[in-house]
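Asker: Listed in order, the protein sequences are those of chains A and B. Per my numbering, residue 658 is the first one in the first sequence, and the count goes up by one each step. Per my numbering, residue 6 is the first one in the second sequence, and the count goes up by one each step.
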Amino acid sequence: MRSDRHSTPYERLTRPLIREGGELRPASWEEALDRAAAAFTGSVQQHGPNAFGMLSCARATNEMNYMAQKFTRVVIGTHNVDSCNRTCHAPSVAGLSAAFGSGGGTSSYEEVENTDLIVVWGGNPRFAHPIFFQHVLKGVHRGARLFVVDPRRTSSAQWADRWLGLNVGTDIPLAHAIGREIIHAGLTNDTFIKRATTGFEQYREFVEPWTLAAAEAETGVPAEAIRELAHAYALAERAQLSWTLGVTEHHNATDNVRALINLSLLTGHVGRYGSGLQPLRGQNNVQGGGDMGAIPDRLVGFQDILDPDIRSRFEKAWNTTLQPNRGRTLTQMFEAMDEGELKALYVIGENPVQSEPETTKTVRRLATLDHLVVQDLFLTRTAQLADIVLPASASWCESDGTFTNSERRVQLVRKALDPPPGARDDIAILCDIAERMGHPWKHPTAEEVWDELRALSPIHRGMSYTRLEEHQGIQWPCYSEDSLEPGYLHGRLWSADPAERGEPAPFGLVGHSPPVDLLDDDYPFRLTTGRRLDDYNTGVQSSGFSSPLRRGETLDISPEDAERLGLADGETVRVSSRRGSVLVPVAVTPAMRAGLVFMTFHFPDQVDTQLLTIDATDPIAGTAEYKAAAVRIDKVAQAAGAAEQPPVPASA
Amino acid sequence: MTTTPVTLAPPRRLVDVTIDGREVRVPEGSTIMEACEAMGTDVPTLCYGDTLAPRNACRVCVVEVEGARTLAPACSRAVEEGMAVATDSERVRHSRKMVLELLGSSVDLSTTPKVDEWNERYGARPDRFGPRADPAPLGERDARHAGTHEVGDGSVAATVEQPAKVDNDLYVRDYGKCIMCYKCVDACGEQWQNSFAIGIAGRGFDARVSTEHDVALPDSACVYCGNCIEVCPTGALSFATEFDMRAEGTWDEERQTQTTTVCTYCGVGCNVTLHVQDNEIVKVTSPHDNPVTHGNLCIKGRFGFQHVQQRRRD
Chain A
658 MRSDRHSTPY
668 ERLTRPLIRE
678 GGELRPASWE
688 EALDRAAAAF
698 TGSVQQHGPN
708 AFGMLSCARA
718 TNEMNYMAQK
728 FTRVVIGTHN
738 VDSCNRTCHA
748 PSVAGLSAAF
758 GSGGGTSSYE
768 EVENTDLIVV
778 WGGNPRFAHP
788 IFFQHVLKGV
798 HRGARLFVVD
808 PRRTSSAQWA
818 DRWLGLNVGT
828 DIPLAHAIGR
838 EIIHAGLTND
848 TFIKRATTGF
858 EQYREFVEPW
868 TLAAAEAETG
878 VPAEAIRELA
888 HAYALAERAQ
898 LSWTLGVTEH
908 HNATDNVRAL
918 INLSLLTGHV
928 GRYGSGLQPL
938 RGQNNVQGGG
948 DMGAIPDRLV
958 GFQDILDPDI
968 RSRFEKAWNT
978 TLQPNRGRTL
988 TQMFEAMDEG
998 ELKALYVIGE
1008 NPVQSEPETT
1018 KTVRRLATLD
1028 HLVVQDLFLT
1038 RTAQLADIVL
1048 PASASWCESD
1058 GTFTNSERRV
1068 QLVRKALDPP
1078 PGARDDIAIL
1088 CDIAERMGHP
1098 WKHPTAEEVW
1108 DELRALSPIH
1118 RGMSYTRLEE
1128 HQGIQWPCYS
1138 EDSLEPGYLH
1148 GRLWSADPAE
1158 RGEPAPFGLV
1168 GHSPPVDLLD
1178 DDYPFRLTTG
1188 RRLDDYNTGV
1198 QSSGFSSPLR
1208 RGETLDISPE
1218 DAERLGLADG
1228 ETVRVSSRRG
1238 SVLVPVAVTP
1248 AMRAGLVFMT
1258 FHFPDQVDTQ
1268 LLTIDATDPI
1278 AGTAEYKAAA
1288 VRIDKVAQAA
1298 GAAEQPPVPA
1308 SA
Chain B
6 MTTTPVTLAP
16 PRRLVDVTID
26 GREVRVPEGS
36 TIMEACEAMG
46 TDVPTLCYGD
56 TLAPRNACRV
66 CVVEVEGART
76 LAPACSRAVE
86 EGMAVATDSE
96 RVRHSRKMVL
106 ELLGSSVDLS
116 TTPKVDEWNE
126 RYGARPDRFG
136 PRADPAPLGE
146 RDARHAGTHE
156 VGDGSVAATV
166 EQPAKVDNDL
176 YVRDYGKCIM
186 CYKCVDACGE
196 QWQNSFAIGI
206 AGRGFDARVS
216 TEHDVALPDS
226 ACVYCGNCIE
236 VCPTGALSFA
246 TEFDMRAEGT
256 WDEERQTQTT
266 TVCTYCGVGC
276 NVTLHVQDNE
286 IVKVTSPHDN
296 PVTHGNLCIK
306 GRFGFQHVQQ
316 RRRD
C-alpha cells in the first residue's frame, strides 16, 4: 500500500519569490516582473542577446511555446530557445527530417490496429504509453505479430511473439544485420528503393560486415532471432516500426534512428496505410514544442531558420530582424555557462537540475548565471536556485490552447479550473515581461495566438479551433480549412510521377559506436533507465497521488546476479558509477538479464539516479546517454532493522 | 502533393424494419437498439456499453420481434430486412417490470441513473418481496462455494448487499450495487485493458465479481487504470473522491462542470474529461468516441490529477 516517504507531494506556488541576501522571499507580481524585465534588459545590454537562453516547456501548450520562442527571437533577439525534447526525442525529429524532410512520426495509432507486424524497439509502451499499447493489443488480437526489441524483458515484451534482448547500445549492429539479411535473402522492395530512395548501393556495402554471426556476438541476440525478425518484417504486407527512448537516449541517438529508418526504406514500409514509423513521445507536447519553433534551428512549422526567404517572411510579420544563424541547443546552453557565454536563463516549466544528467555539474553551471528566472507550478529543485520565481498556472487544466500528440494530432486543451490565487497564465506572464521590455503585446487569447501562428505555418493553416473541436483534433499537415490529409505521411514516395514523388529518402550510413561509459572490472554492470507505470519523470506531478503500485526507487537486478552477489530482494546496496554513488534497495526480477541493472529517475529526493548517469551527448541532436552507464554494486553492512529505515540519498 | 485515398470501411446495404409500426431504414448489421435510437425510441438498458461487445446480461432492453418465440435483447440482436419490432407491448412491459423488480429488490440501485424513472414507467415495485435482508458481513459472500447456497425462508428479500471494499486510496468497490453486467470484466479483459484482474466467481445468486483468488486489490493484477469505473453502470465502482463525498453528503452533480482537455503524462495525447466541483477535480472520465482513448485511460491519466490541487497554504 501507500508509502508516504517515497513521495512528498509538492505544493503549488501562489506568490512570486525574489532572492535577497541569498534567500528567496515573497514578492508582489509588480516587483517580480519589474525585476525579471530589468534583469533581461541589463543582460542584453551588457553581454548581447546571445548570452540569453530560454528553456521552453514541452508540457505547456503550443500557444505558450510559440509565444516563448517569439519572446526569445523578438524581445531578446536570439535563437537560443530549446526544451527538454532535447533530453528525449530530438534525435527522432533529426533522423526523420534527414530521411523524409519532416520530423513527425509517419503513421496514426489506428493503423497499428490494422497492420500485420508490429515492431516495438527500445521502449516499454505497456508502462510508459499504456493507451498506445491498447492499440497495439488490438492489432495483436486481430492477428498482427509483435516483436519487442529491448534489453529488458518488459511488460510489453510479455505480449510479444518474439523478444530480442539486445545488449544496451547495440541497436545499430542489430538494425544493420537485419538490413543485410533482408538484402541477402532477396526480400528488398526494389521498385520502392529505385524510385523513392538514394544511397542503396553504399548502404548495401556498408552493412555487409554485419553478418548474423557478427551481430549475435555484438548484440547478444541469437542469429536465428535476428533472421526471423528480418524475414517477418520484409515479408509482412504492412508493418509498423515504433520506438521510444531506448533508441534516442544514447550518445549516437540520431544514428540509431537513421538505422531503423533504413529498414523501412529497404522494404517500403513507409508512406502507406498500416506501414510506417512511429516514435512515441515521452511528454504531452514534445512534438508541439518543436513544431512551434521552440527549438534553435527552426521556426514554426519546421521552417528552416537558415532560409532567407522564410526569415524575411517572419521578420515582416514580427516587425523585427532575425539573426541568420542557428541558436544554442539546451545542451550547448549548459556548456556555454561553463565558458561564461550564457549569463541569463529563463526557464518555463522545466526542471533541469533533476532531469539533466550529472546533477552536481548542472547545479554548478546554473550558479554561474547572472540571472536565473524560473516560471513553474512548484518550487522545484531548479526553482530553489532561481533569482526570481514566477508562479504559473497548469497548462492542461487551467488554460486554453492546444497540444500535439505522437501521431501529430493537434488537440484542444481547455480550462477546467481556476488556478490557485496568485498563480498566473504563462502567456500573460510572458507578455507582461515583454511589455516592460518595450513590446506591448497586450494579452492575446490562446485562439488569437493560434490564429497568428497558423497564418505563418502552412502545415497548421487549416486547423481553426472550430475544426479542432469538430474533428476531435486534426493531424498535421493540414493545409486548408476545406480539406483533411490522410493520417499517414509520405504517400508521395509511392507516386509513379517523379515530380509528385519529390525528394527521395536517403539511406543513412551510420556506424556502430558502443556506449561511451565502458564496462570494466571496476564497473562491470550496465545501468539503464526508464519509466514505471504509475510514476512520471522527476516525480513532481506523480508524487501528488497515492499509487498502490508505488514501491519507491529500486535497482532492478537479475536473479543470477543477485545470487552471485548474495543479495536479497529489498536489501539496500551502494551503486557507484565513475561520477557518483547512491544507496538503493534492490528488486530481484527475471525481467533483467545478467549484467544489466535498471533504475528510474522518479524519486530524486529518495535516490538521485542522475548522480550516476553520464552526459555524453549525441552530436547532432544533443540528447544525453541516459540509457547506458557503467556501475558497480557493493553490499553495505546493515545494522539490525536497517532495512526498515528510509533509504538515505548519498553522494560521493 | 499526392493524395492517396484513405482506407474506408466498405459501404453497407440499408435494410427496412418496422419499429412500433413505424418504418425505418438502417445500415445492415445495426442492432435493434441502434435502429430505435435512429427513430428516437428510448430503450432502457443497464449492461449495454458503447465501447464493448454486448453481453445481454441485464435483460432490461428486451423487445418483441414479430414471429419470434422469445423476447430478444435489443442491444445485440441485429436487424433483418422486413423485421417488425414492438418495444412497448404488454409482453415487453411485463418482462421489463419483472427484471427491474428482481434487480431492485436484490441490489442497491440508489446511484444507478434513470432507474426510478423506469420503475415508474413499468409499474415496478421492487419492495413487494418484503423487507430486505441484512447485508452480509464483509467477505462472507466472497467465501461462498458453489453448491452450498442456502435458500431463505421468504420472510425477507435476499440481496447481494455487503459493505464497500475500501483497500486503496484511488477507488472503491461497492459490490452491494453490482448487477453482474460483466462490463468491468470485459473492459479489464481482452476488449481493452488486457490486465485480466477481474473475473466472476461463484454460481447463481452467489456469483460475484472478484479478483484472482479474491486477493485484496493491491495484491491483484490490477493496474488502477480505472477503465472498469468508466463503464460501471450502477456506481458499484467509483472514485474514492466520489465515494467519500457521497458519504459526507457533499457530492452534487448539479454543481459539477465537465471539461474535456488533454492528459500531460506522456505523448500519446489521451483526452480526459475533468469533473469539477467547487474548483476541485472530483472525477476523471474520457470520451467514449475519442479516436485516441475510446474511453480508456491509465493510472496517471485517471488518478494523477491531484498535483494541481496541492495548494500552498501560506
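The beta-carbon is built from N, C-alpha and C at its ideal position, and this holds for glycine as well.
1. Counting only beta-carbon separations shorter than 8 Å, does G194/B have a partner in chain A?
2. Hey, how far is the Cα of R970/A from the Cα of H1147/A?
3. What does a CB cutoff of less than 8 Å around G760/A pick up in its chain, not counting 5 residues either side in sequence?
4. Using a Cβ-Cβ distance under 8 Å, would T266/B count as near chain A?
5. Which ranges would you report for the beta strand (DSSP E) in the stretch 716 to 747 of chain A if only whole runs of at least 3 residues count?
6. Please confirm if the stretch 785 to 794 of chain A is in contact with the stretch 906 to 920 of chain A, defined as three or more CB-CB distances below 8 Å between the two stretches.
7. A1043/A by DSSP, collapsed to three states: which one?
8. Nearest CA to the CA of L774/A: which residue from L1087/A, E885/A, H1096/A, V1254/A?
9. Secondary structure at V797/A, three-state DSSP: helix, strand or coil?
10. By the three-class DSSP mapping on this structure, what secondary structure does P782/A have?
11. May I have the straight-line CA-CA distance separating K1072/A from H1096/A, to the nearest angstrom?
12. Tell me whether M1256/A sits in a helix, a strand or coil according to DSSP, three-state version.
13. Show which residues of chain A have a CB atom less than 7 Å away from the CB atom of N295/B.
14. Output, in chain order, the set of chain A residues within a Cβ distance shorter than 8 Å of V236/B.
15. Listing by chain order, which chain A residues have their CB less than 8 Å from the CB of L175/B?
16. Say whether chain B places a C-beta atom closer than 8 Å to the C-beta of Y766/A.
17. Under 9 Å Cβ-Cβ, which residues of chain A neighbour L323/B?
18. Which bits of chain A does N124/B rub up against, with CB to CB less than 7 Å?
19. What are the start and end residues of the alpha helix (DSSP H) that includes P1155/A?
20. Looking at chain B, is there any beta carbon in it that lies within less than 8 Å of the beta carbon of P1242/A?
21. Spell out whether any CB of chain B is found under 8 Å from the CB atom of A1307/A.
22. So with Cβ pairs under 8 Å, would you call V273/B a contact of chain A?
23. Taking the C-alpha atoms as reference points, what is the distance between F1060/A and A162/B?
24. Pick out whichever of K1000/A, T1016/A, I788/A has its Cα sitting closest to the Cα of Q198/B.
25. From which residue to which residue does the beta strand (DSSP E) around S899/A run?
26. For a test of the three-state rule: what should DSSP assign to N124/B, helix, strand or coil?
27. What span of residues does the alpha helix (DSSP H) with I286/B cover, start to end?
28. Does any residue of chain B bring its CB to less than 8 Å from the CB of G1252/A?
29. Going by C-alpha to C-alpha distance, which of D1089/A, A993/A, T827/A sits closest to L1023/A?
30. So is V287/B buried or exposed if we call it buried at 16+ other beta carbons inside 10 Å?
31. Along chain B, in chain order, which residues have C-beta atoms closer than 7 Å to that of N1008/A?
32. Quick check: what's the CA-CA separation for S110/B versus S243/B?
33. Tell me the DSSP secondary structure of K102/B in three-state form.
34. Going by beta carbon distance, what residues of the same chain come within less than 6 Å of A129/B, once the five residues before and after it are set aside?
35. Could you tell me if E1301/A is buried or exposed, where buried requires 16 or more neighbouring beta carbons within 10 angstroms of its beta carbon?
36. What would DSSP say about W256/B, mapped onto helix, strand or coil?
Answerer: For this structure:
1. Position 189 of the second sequence, counted from the start, is the residue given in the question as residue 194/B. Cβ-Cβ to chain A under 8 Å: no for G194/B.
2. Translated into the one-based positions of the first sequence, residue 970/A becomes position 313. Translated into the one-based positions of the first sequence, residue 1147/A becomes position 490. For the pair R970/A and H1147/A, the Cα-to-Cα distance works out to about 26 Å.
3. Taking the first sequence and counting its residues from 1, the one referred to as residue 760/A is at position 103. Answer for G760/A: S749, V750, A751, L753, S754, G947, F959, listed in chain order.
4. Within the second sequence, the letter at position 261 stands for residue 266/B. Yes, its Cβ sits closer than 8 Å to a Cβ of chain A.
5. The qualifying runs are 738 to 740.
6. Result no; under three Cβ-Cβ pairs closer than 8 Å.
7. For this step, residue 1043/A is matched to residue 386 along the first sequence. Of the three classes helix, strand and coil, the one that applies to A1043/A here is coil, per DSSP.
8. As a first step, residue 774/A is located in the first sequence; it is residue number 117 there, counting from the start. Among L1087/A, E885/A, H1096/A, V1254/A, the Cα nearest to that of L774/A is on E885/A.
9. Position 140 of the first sequence, counting from 1, holds the residue named residue 797/A. V797/A falls in the helix class under three-state DSSP.
10. The residue given as residue 782/A occupies position 125 in the first sequence. If DSSP states are grouped into helix, strand and coil, P782/A belongs with the helices.
11. On the first sequence, position 415 is the one that residue 1072/A refers to. On the first sequence, position 439 is the one that residue 1096/A refers to. Spanning the two alpha carbons is a distance of roughly 27 Å.
12. On the first sequence, residue 1256/A is found 599 positions in, with the first residue counted as 1. Note: M1256/A maps to strand in three-state DSSP.
13. For this step, residue 295/B is matched to residue 290 along the second sequence. Those are Q1129, listed as they occur along chain A.
14. Here residue 236/B is taken as the residue at index 231 of the second sequence, counted from 1. Identification of chain A residues near V236/B by a Cβ-Cβ cut-off of 8 Å yields none; the smallest Cβ-Cβ distance measures about 14 Å.
15. Counting from 1 along the second sequence, the entry for residue 175/B is found at position 170. Think of a sphere of 8 Å around the beta carbon of L175/B: the chain A residues whose beta carbon falls inside it are F1202, S1203, S1204, P1205, in chain order.
16. If you number the first sequence from 1, residue 766/A lands on position 109. For Y766/A, the answer is yes, since a Cβ of chain B falls inside 8 Å of its Cβ.
17. Here chain B covers residues 6 to 319 and nothing more, so residue 323/B does not appear.
18. Your numbering for residue 124/B matches position 119 in the second sequence. Going along chain A, no residue has its Cβ under 7 Å from N124/B, so there is no contact; the nearest lies around 35 Å.
19. If you number the first sequence from 1, residue 1155/A lands on position 498. 1155 to 1158 is the span of the alpha helix (DSSP H), which, as asked, contains P1155/A.
20. For the purposes of this step, residue 1242/A is identified with residue 585 of the first sequence, where counting begins at 1. Closer than 8 Å: no.
21. Mapped onto the first sequence, residue 1307/A falls at position 650. For A1307/A, the predicted structure reports a pLDDT of 37, less than 50, and the residue's modelled location is therefore unreliable. A value from the coordinates is still provided. Taking CB atoms only, A1307/A has no neighbour in chain B less than 8 Å away.
22. Sequence index remark: in the second sequence, residue 273/B carries index 268 (1-based). Interface residue, yes.
23. Numbered from its first residue, the first sequence carries residue 1060/A at position 403. Numbered from its first residue, the second sequence carries residue 162/B at position 157. One C-alpha to the other measures close to 54 Å.
24. Start at 1 with the first residue of the second sequence, and residue 198/B comes out as number 193. The shortest Cα separation from Q198/B among K1000/A, T1016/A, I788/A belongs to I788/A.
25. On the first sequence, position 242 is the one that residue 899/A refers to. That run of the beta strand (DSSP E) goes 896 to 900.
26. The residue given as residue 124/B occupies position 119 in the second sequence. N124/B: helix per DSSP, three-state reduction.
27. Within the second sequence, numbered from 1, the residue matching residue 286/B stands at position 281. Note, I286/B: premise wrong, no alpha helix (DSSP H); beta strand (DSSP E) at 285 to 290.
28. Within the first sequence, residue 1252/A is the residue found at index 595, counting from 1. With a threshold of 8 Å between beta carbons, G1252/A makes no contact with chain B.
29. Position 366 of the first sequence, counting from 1, holds the residue named residue 1023/A. Measuring from the Cα of L1023/A, the nearest candidate turns out to be A993/A.
30. By one-based count along the second sequence, residue 287/B stands at place 282. Buried, by the Cβ-count rule.
31. As a first step, residue 1008/A is located in the first sequence; it is residue number 351 there, counting from the start. The premise fails here: N1008/A is roughly 13 Å from chain B at the closest Cβ pair, so nothing lies under 7 Å.
32. Position 105 of the second sequence, counting from 1, holds the residue named residue 110/B. Position 238 of the second sequence, counting from 1, holds the residue named residue 243/B. Distance between the alpha carbons of S110/B and S243/B: 22 Å.
33. Sequence index remark: in the second sequence, residue 102/B carries index 97 (1-based). If DSSP states are grouped into helix, strand and coil, K102/B belongs with the helices.
34. Your numbering for residue 129/B matches position 124 in the second sequence. Sequence-distant Cβ neighbours of A129/B in its own chain, meaning closer than 6 Å and more than five residues away, are K102, L105, E106.
35. Within the first sequence, the letter at position 644 stands for residue 1301/A. With a pLDDT of only 42 at E1301/A, under 50, the local geometry of the prediction cannot be trusted, and the value read off the model is given with reservation. By the neighbour-count criterion, in which 16 or more other beta carbons inside 10 Å mark a residue as buried, E1301/A falls on the exposed side.
36. Along the second sequence, read from residue 1 onward, the residue named residue 256/B stands at position 251. Note: W256/B maps to coil in three-state DSSP.
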